[in-house]
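Scroll down for the structure; my scribbles are underneath it.
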Amino acid sequence: MLMNPVEDATGDQNGICFQSEESKARACSETEESNTCCSDWQRHFDVALGRMVYVNKMTGLSTFIAPTEDIQAACTKDLTTVAVDVVLENDTVDDTVSSESLQSLFSEWDNPVFARYPEVAVDVSSGQAESLAVKIHNILYPYRFTKGMIHSMQVLQQVDNKFIACLMSTKTEENGEAGGNLLVLVDQHAAHERIRLEQLIIDSYEKQQAQGSGRKKLLSSTLIPPLEITVTEEQRRLLWCYHKNLEDLGLEFAFPDTSDSLVLVGKVPLCFVEREANELRRGRSTVTKSIVEEFIREQLELLQTTGGIQGTLPLTVQKVLASQACHGAIKFNDGLSLQESCRLIEALSSCQLPFQCAHGRPSMLPLADIDHLEQEKQIKPNLTKLRKMAQAWHLFGKAECDTRQSLQQSMPPCEPP
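Going by the UniProt record's numbering, the sequence shown opens with residue 1, and the numbers climb by one from there.
Set out below in structure tokens:
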């Protein structure tokens with residue numbers, strides 16, 4: 001009983017001795033490793049990995065392998081930045097060699113994040129330039145279209161039952177007359193769609209405005225029975241506060257006392273009812289409630305952000321009108337005569353936004369400026385001059401041949417010495 005504590009103490013002392021010797025050995029090995037490490041590297045023991053990590057002080061790159069003295073790397077590969085491996089073999093390298101190696105490094109490095117920009121955009125010596133002739137011309141000679149240019153458009157003809165080829169004037173002649181110099185293609189569907197959209201927008205407003213109010217009012221249609229729309233209490237309060245202003249947009253609300261989250265819509269814009277009729281005519285389901293809910297949601301967002309009703313055409317109404325304009329517009333493969341094409345371009349010139357369709361796509365595209373095209377001039381031969389040269393050749397050539405023959409006959413043959 002008395003010996004056990006002593007033995008235990010002896011064992012503990014031996015364990016302590018063994019641990020101290022082990023720690024000394026580890027410290028010695030670490031000291032040796034630190035001596036062998038280059039001075040540019042910093043050692044760090046990662047507790048999570050349980051390994052020693054060596055970090056380069058200059059580059060910030062890391063490795064698990066202890067670097068030695070013979071490693072002289074300006075950049076090294078690792079798992080995170082696999083870029084290049086630059087090792088200077090000679091210690092004495094002048095600045096010229098360093099700059100050349102660095103220049104070659106950047107020229108040969110394939111950046112994985114940013115793509116290298118092309119040195120030559122288009123190789124004009126190949127056939128690539130011919131296929132991109134229109135794009136190159138538009139880049140070299142950009143144009144800013146104005147509404148006044150459309151009034152000077154001269155219709156040439158319809159192309160492939162899809163486009164209308166026209167000449168547009170970008171300048172005015174000295175005599176005051178406009179001459180067409182820019183060849184453009186007009187999308188017949190986009191042009192007619194724009195014409196129909198602007199006409200539908202005009203027809204959507206009331207012709208007679210109320211006295212004393214400068215705001216336009218959308219035409220509305222009564223719904224029987226009214227639509228029941230579920231909203232929150234805050235949204236219901238906003239609609240109640242601004243329900244008089246919303247009447248200008250064709251909406252009429254009723255607020256029943258039976259529910260705090262229900263509103264009744266008695267009137268909606270007329271275009272919503274027309275859209276409903278078109279959908280039912282095609283055998284589709286009703287869309288009025290979904291459109292009205294989207295319209296109310298749009299106005300509630302504007303009320304919450306701006307605190308008022310905007311005077312512009314609501315986006316929901318514009319989408320419905322754009323859909324109607326698209327369905328009734330001229331389609332591709334619809335043949336148009338020259339007179340119909342002229343009337344279409346004339347109607348397009350009176351639009352507020354003639355350069356885009358109802359959905360925002362461009363309605364026309366410039367092809368080339370005739371003044372900038374290189375016209376190959378073939379020199380016509382001068383027939384009168386050629387006849388005189390032929391006659392002179394025949395006369396002079398025949399006389400010269402006769403003279404040479406007479407000289408050869410009069411001269412004695414040469415005898416060999």
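No residue lacks a Cβ here, since even glycine has one placed at the ideal position from N, Cα and C. Computed from a predicted structure; not experimentally measured.
- Judged by DSSP in its simplified three-state form, Gly266 adopts strand.
- By the criterion of at least three beta-carbon pairs nearer than 8 Å, the region 264–278 is in contact with the region 318–327.
- A direct Cα-to-Cα measurement between Arg51 and Gly60 gives close to 18 Å.
- Under DSSP, Ile229 takes part in a beta bridge, and its partners are Val263.
- Taking the CA atoms as reference points, Gly250 sits about 22 Å from Ala358.
- Around the beta-carbon of Ser220, 16 or more other beta-carbon atoms lie within 10 Å, marking it buried.
- Where Met58 is concerned, there is no enclosing beta strand (DSSP E), because DSSP gives it neither an H nor an E.
- For the pair of segments examined, the region 195–203 was found to touch the region 335–353: the number of CB pairs separated by less than 8 Å reaches three.
- The residue among Thr384, Pro366, Ala392 with its C-alpha nearest the C-alpha of Met149 is Pro366.
- Contact between Pro226 and Ala254 is confirmed by a C-beta separation of about 7 Å, below the 8 Å threshold.
- In the structure shown, Val47 adopts coil according to DSSP, grouped into three states.
- Nearest neighbour of Ile202 by Cα position, chosen from Leu338, Gln352, Asp40, turns out to be Gln352.
- One thing to note: Val231 has its Cβ no nearer than 7 Å to the Cβ of Val265.
- The beta carbon of Ile291 is closer than 6 Å to those of Phe272 in its chain, skipping five residues each way along the sequence.
- Taken through DSSP and simplified to helix, strand or coil, Leu183 comes out as strand.
- In the structure shown, Thr222 falls within a strand segment according to DSSP collapsed to helix, strand and coil.
- Straight-line spacing of the CA atoms in Leu303 and Ile309 works out to 7 Å.
- For Met153, the three-state secondary structure derived from DSSP is coil.
- Here Cys326 carries a helix assignment [DSSP, helix/strand/coil].
- The shortest CA-to-CA distance from Glu293 to any of Asn278, Leu218, Ser152, Glu228 is the one to Glu228.
- Excluding five sequence positions before and after Asp260, the CB atoms of its chain that fall closer than 6 Å to its own CB belong to Glu233, given in chain order.
- Pairing Gln339 with Val155, the inter-Cα distance amounts to about 9 Å.
- By the neighbour-count criterion, in which 16 or more other beta carbons inside 10 Å mark a residue as buried, Lys385 falls on the exposed side.
- Taking a C-beta distance under 7 Å as the contact criterion, Phe163 and Leu183 do not qualify as a contact pair.
- Burial of Gln299 is indicated by the presence of at least 16 other C-beta atoms within 10 angstroms of its C-beta.
- As a beta-bridge residue in DSSP terms, Ile164 pairs with Gln158, Val186.
- Looking at the DSSP output, Met364 shares a beta bridge with Val186.
- Distance check between Ile296 and each of Ile65, Asn245, Ala392 places Asn245 closest, using alpha-carbon atoms only.
- According to the DSSP secondary-structure assignment, Asp369 is paired through a beta bridge with Leu182.
- In the three-state DSSP reduction, Glu298 falls in the helix class (H, G or I).
- Spanning the alpha carbons of Lys388 and Leu395 requires a straight line of approximately 11 Å.
- Cβ-Cβ separation between Leu223 and Lys267: approximately 7 Å, consistent with a contact (criterion under 8 Å).
- By the 16-neighbour rule on beta-carbons within 10 angstroms, Thr170 is buried.
- The beta carbons of Gln42 and Val53 sit no closer together than 7 Å.
- The residues Lys216, Lys217, Leu218, Leu219, in chain order, have a CB closer than 8 Å to that of Tyr205 in the same chain once the five nearest residues on each side in sequence are set aside.
- Assignment of Gln391 by DSSP, reduced to helix, strand and coil, places it in the helix class.
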